[in-house]
Amino acid sequence: MFKKFIGAGTVAAALLGAAGTAHAGKDLDAVKARGQLICGVSTGVAGFSQADSQGKWTGLDVDVCRAVAAAIFGDAEKVKYVPLTAQQRFTAIQSGEVDLLSRNTTWTLQRDTALGLDFTSISYYDGQGFMVPKKLGVKSAKELNGATVCVQPGTTTELNLADYFRANKMTFKPVVIEKVEEVRSAFFAGRCDVYTTDASGLYSTRAANVPAPATADDFVVLPEIISKEPLGPAVRHGDQQFADIVRWSFFAMLETEENDITSKNVDEMLKSENPSIKRILGVTPGIGKALGVDEKWVYNIVKQVGNYGESFERNVGMGSTLKIARGLNALWSKGGLQYAPPIR
Amino acid sequence: MAVESIGSPQHAKIAPWNDPVIRGWVFQAVVVGLVGFLAWFLVTNTVENLARQKIASGYAYLSHEAGFEIGDSMISYSPANTYARAILVGMLNTLKVAGLGIIFATILGTLIGVGRLSPNWLLAKICEGYVEAFRNVPLLLWLFLFYKMISEAFPGPRQALNVLNALFLSNRGLYFPVPAADPIHPWMGLGLLAGIAGAVVLHRWGKQRQAATGKPFPSIWAGAALIVGLPILIWLAGGAPHHMSWPELKGFNFVGGTVIQPEFTALLLGLVLYTSAFIAEIVRSGILALNKGQSEAAAALGLSRAQAMRLVLLPQALRLIVPPMTSQYLNITKNSSLAIAIGYPDLVASVNVTINQTGQAIENVLIIMVAYLSVSLSISAFMNWYNKRIALRER
Chain P
1 MFKKFIGAGT VAAALLGAAG TAHAGKDLDA VKARGQLICG VSTGVAGFSQ
51 ADSQGKWTGL DVDVCRAVAA AIFGDAEKVK YVPLTAQQRF TAIQSGEVDL
101 LSRNTTWTLQ RDTALGLDFT SISYYDGQGF MVPKKLGVKS AKELNGATVC
151 VQPGTTTELN LADYFRANKM TFKPVVIEKV EEVRSAFFAG RCDVYTTDAS
201 GLYSTRAANV PAPATADDFV VLPEIISKEP LGPAVRHGDQ QFADIVRWSF
251 FAMLETEEND ITSKNVDEML KSENPSIKRI LGVTPGIGKA LGVDEKWVYN
301 IVKQVGNYGE SFERNVGMGS TLKIARGLNA LWSKGGLQYA PPIR
Chain D
1 MAVESIGSPQ HAKIAPWNDP VIRGWVFQAV VVGLVGFLAW FLVTNTVENL
51 ARQKIASGYA YLSHEAGFEI GDSMISYSPA NTYARAILVG MLNTLKVAGL
101 GIIFATILGT LIGVGRLSPN WLLAKICEGY VEAFRNVPLL LWLFLFYKMI
151 SEAFPGPRQA LNVLNALFLS NRGLYFPVPA ADPIHPWMGL GLLAGIAGAV
201 VLHRWGKQRQ AATGKPFPSI WAGAALIVGL PILIWLAGGA PHHMSWPELK
251 GFNFVGGTVI QPEFTALLLG LVLYTSAFIA EIVRSGILAL NKGQSEAAAA
301 LGLSRAQAMR LVLLPQALRL IVPPMTSQYL NITKNSSLAI AIGYPDLVAS
351 VNVTINQTGQ AIENVLIIMV AYLSVSLSIS AFMNWYNKRI ALRER
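Those protein sequences? They're chains P and D, same order as listed. Numbering follows the UniProt record's numbering, in which position 306 of the first sequence is assigned residue number 306; successive positions increment by one, without gaps. Numbering follows the UniProt record's numbering, in which position 12 of the second sequence is assigned residue number 12; successive positions increment by one, without gaps.
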């Protein structure tokens, strides 16, 4: 509880501290003056944001932070990661404790308006699913009437869950625990029949968190996806330029994938005669100036972080333990939804 | 005023800025002004900043649909109810666990505290070990331990430990049968209240009679008979409806009967065991603070150790015990907010979800603060009243 009060205290304090200094560009100025981007991430979701034993953060969400740092500083390492629970995240971004929230957060109207946030793009198209132990023999979410469901508080998941059961005239008992580690352990201990969160989170949990002697095969993710969960990075209202940099840093990752520019071939691509590639990589100047960053910003992002496809495969795709298919997250040209406006 | 009139002849000679009375007033006014200005500054600035960042403010959301489910509720609740009701459900859950925690911790703490003073070496050492173990480990760790023990050690609902097909113990909690709802129940509740009132009156009368005639009256037994007997009489008069609601395994979980959930059990257990260790020490210190002559005099009168404790020592020790006990009761109430760690849906849990769905942290944190403040002040007020009542009347 004290953490909560301190959290609220920081909101109040930060809101007060911000008094009278609000003008466009303040967040970007603060980041530049600090020489470091402060990025709010999860407390540990494999594939999206997780720290290893050396404290090095990796994941798809982490790569968005690194791309923004690469665009602003030319160095993807200039990021400080602040792990946040689902409950703490909005207070942290509203109060200025973090500059950027890249924490598998669903873009909703309420959050975009009443919470004072700006979602800049969708870095992962997700949907809510259910995971059950295989031995229960459940084949469909429609069979879950009367089940006990483990869920994290303060998420869209919690609301979708209630909506889904109400819509299907079923009942359930929620077990709501704040820390994701504790929710998982309650589920694996059998306190709940079902664990529900975004499908990506279920695959991540199944791949990385099943306690021995059980294995990933002892759990199944049910076929129903009960919601749209567009996950993306968010910033505070009020600094459009910073929001633009975050938005276009992610688009740069998509745009480079579309143009087959990868971290491996980017140096050769600098010599490309293709005017579009020359423009993207800053060989023909102009784009960087328009965004207010170095002309080499896309080069830095691709060189240090990789394009979206590389990041996806490395963190959650076939190159990882999660083995999630691209699906909705394939480029628009390959049957998916990932589509960046042109960089020109 | 009185001071002024006495000192006025001297005051007439000194300048107003050297007058200690005027100076005192000025300093106090300055301090009050500064505090007031700071409060005004904080409030207006926050409101302005919220508006500038386009973050919603105000309490209109309380009447909006909450949309989330709560696992354990004393009143009927569904996601279609409002945020206000969701917060009320949380508040009642907090009161439930705090109220039961206070009762059990007091009983257990008193027993342990008296036990530590026992001449029986083994009993005294066990009580000492208990106190040291529980008060030297953070409560949060005890909560995690109890919760893990319940959810890991007990079997799933399909393999529940079954006692006579009535009690089912599993990691979903303890299910047991309850009488099916019947119109006679509210009347039995009234009977219970009447029984309690009757017992109190009887006890007073018994005391008065003992004071007047010296004849003791077994008011405890008579009172107990009243409290238990009245509801039973009403039940019999109502035709003794004995239809029960039995728990049954249906699908995933048990249906019917009622359940004590693991989250509640773990929290109550943690609060009671942890706080009773502190209460034990308060009780022990209260008894030890009494003059040794008291127990010797009681022994000389031929009272047994138990009688001496009950009739002579504890009533006197009570005066020393009550004030620090108030702090422990407040601690139980406030510590119950650790519920969030193990998933018991208390006030903080409800409000936290509300904060997250509405984004209105300041308004919601104010609700939590006002709620805990009113509960704590009520406990303090009651304890202060009780403390005054039992205080030694000196003439």
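Here a beta-carbon is modelled for each residue, glycine too, at the ideal position from N, C-alpha and C. For clarity, every value in this text was computed on a predicted model and none was experimentally measured.
DSSP, reduced to helix, strand and coil, places residue 97 of chain P outside both helices and strands of the structure shown, so it counts as coil. For residue 193 of chain P, the residues of chain D that pass the 7 Å Cβ criterion are 252, in the order they occur in the chain. In this structure, the alpha-carbon of residue 109 of chain D lies about 10 Å from that of residue 102 of chain D.
Within chain P, 146 have C-beta atoms less than 9 Å from the C-beta of residue 255 of chain D, given in sequence order. Around the beta carbon of residue 369 of chain D, fewer than 16 other beta carbons sit within 10 angstroms, so the residue counts as exposed.
Only residues of its own chain outside the window of five on either side were considered, and among them 312, 313 and 316 have a CB closer than 7 Å to the CB of residue 294 of chain D, listed in chain order. In this structure the region 262 to 278 of chain P does not touch the region 142 to 161 of chain P; the number of beta carbon pairs closer than 8 Å is below three.
Non-local beta-carbon contacts of residue 211 of chain P in its own chain, meaning distances under 7 Å to residues more than five positions away in sequence, involve 188 in chain order. Taking 9 Å as the upper bound on Cβ-Cβ separation, chain P lies near residues 41, 42, 45, 46, 48, 49, 50, 52, 53, 54, 55 and 56 of the region 35 to 59 of chain D. Within chain D, the residues 67, 68, 69 and 79 have their CB atoms less than 7 Å from the CB of residue 162 of chain P, given in chain order. Annotated as proximal: residue 69 of chain D and residue 174 of chain P, with beta-carbon spacing under 8 Å. Per the coordinates, the alpha-carbon of residue 155 of chain P lies some 36 Å from the alpha-carbon of residue 104 of chain D. DSSP places residue 162 of chain D in the strand class (E or B) of the three-state scheme. Residue 342 of chain D reaches chain P at 177 and 182, counting residues in chain order whose Cβ is nearer than 8 Å. Residue pairing by DSSP puts residue 167 of chain D in a beta bridge opposite D/163. Inside the region 107 to 168 of chain D, DSSP marks whole alpha helix (DSSP H) runs of 4 or more residues at positions 121 to 135 and 139 to 153, from first to last along the chain. Boundaries for residue 39 of chain P: no alpha helix (DSSP H) harbours it, while the beta strand (DSSP E) harbouring it runs 37 to 41, taken from the DSSP string.
Under the 8 Å criterion on CB atoms, residue 93 of chain D is classed as non-interfacial with respect to chain P. Restricted to the region 281 to 313 of chain D, the alpha helix (DSSP H) segments that are unbroken, complete and at least 4 residues in length are 292 to 300, listed in chain order. Judged by their CB atoms, residue 191 of chain P and residue 345 of chain D are not nearer to each other than the 8 Å cut-off. Secondary structure remark: continuous beta strand (DSSP E) runs of at least 3 residues inside the region 277 to 303 of chain P: none found.
In the three-state scheme derived from DSSP, where H, G and I count as helix and E and B as strand, residue 236 of chain P is classed as strand. The three-state reading of DSSP puts residue 248 of chain D in strand, counting E and B together. In summary, residue 161 of chain P is buried, with 16 or more beta-carbon neighbours lying within 10 Å of its beta-carbon over all protein chains present. Taking the C-beta atoms as reference points, residue 46 of chain D is found nearer than 8 Å to residue 362 of chain D. Counting only runs that start and end inside the region 98 to 173 of chain P, the beta strand (DSSP E) elements of at least 3 residues fall at 117 to 119, 124 to 126, 128 to 133 and 147 to 151. From the listed residues D/228, D/181 and D/71, the smallest Cα separation to residue 150 of chain P is found for D/71. For residue 80 of chain P, the enclosing beta strand (DSSP E) covers residues 79 to 83. Under the three-state reduction of DSSP output, residue 51 of chain P falls in the strand class. With fewer than 16 other CB atoms across the displayed protein chains lying within 10 angstroms of its CB, residue 168 of chain P is exposed. Here residue 106 of chain P has 156, 229, 230 and 231 as same chain residues with Cβ atoms under 7 Å from its own Cβ, once five neighbours each way along the sequence are excluded. Selection P/327, P/310 and P/334 evaluated against residue 60 of chain P yields P/310 as nearest (Cα-Cα). In this structure, residue 236 of chain P and residue 94 of chain P form a Cβ contact; the two beta carbons are roughly 7 Å apart against a cut-off of 8 Å.
The beta carbon of residue 150 of chain D lies closer than 7 Å to those of 171, 262, 265 and 266 in the same chain, with the five residues before and after it left out. In its chain, beyond the 5 residues on either side, 76, 249, 250, 252, 253, 301 and 305 have a beta carbon closer than 8 Å to the beta carbon of residue 67 of chain P. Within the region 269 to 289 of chain P, contact with chain D at the beta-carbon level (separation under 8 Å) is assigned to no residue.
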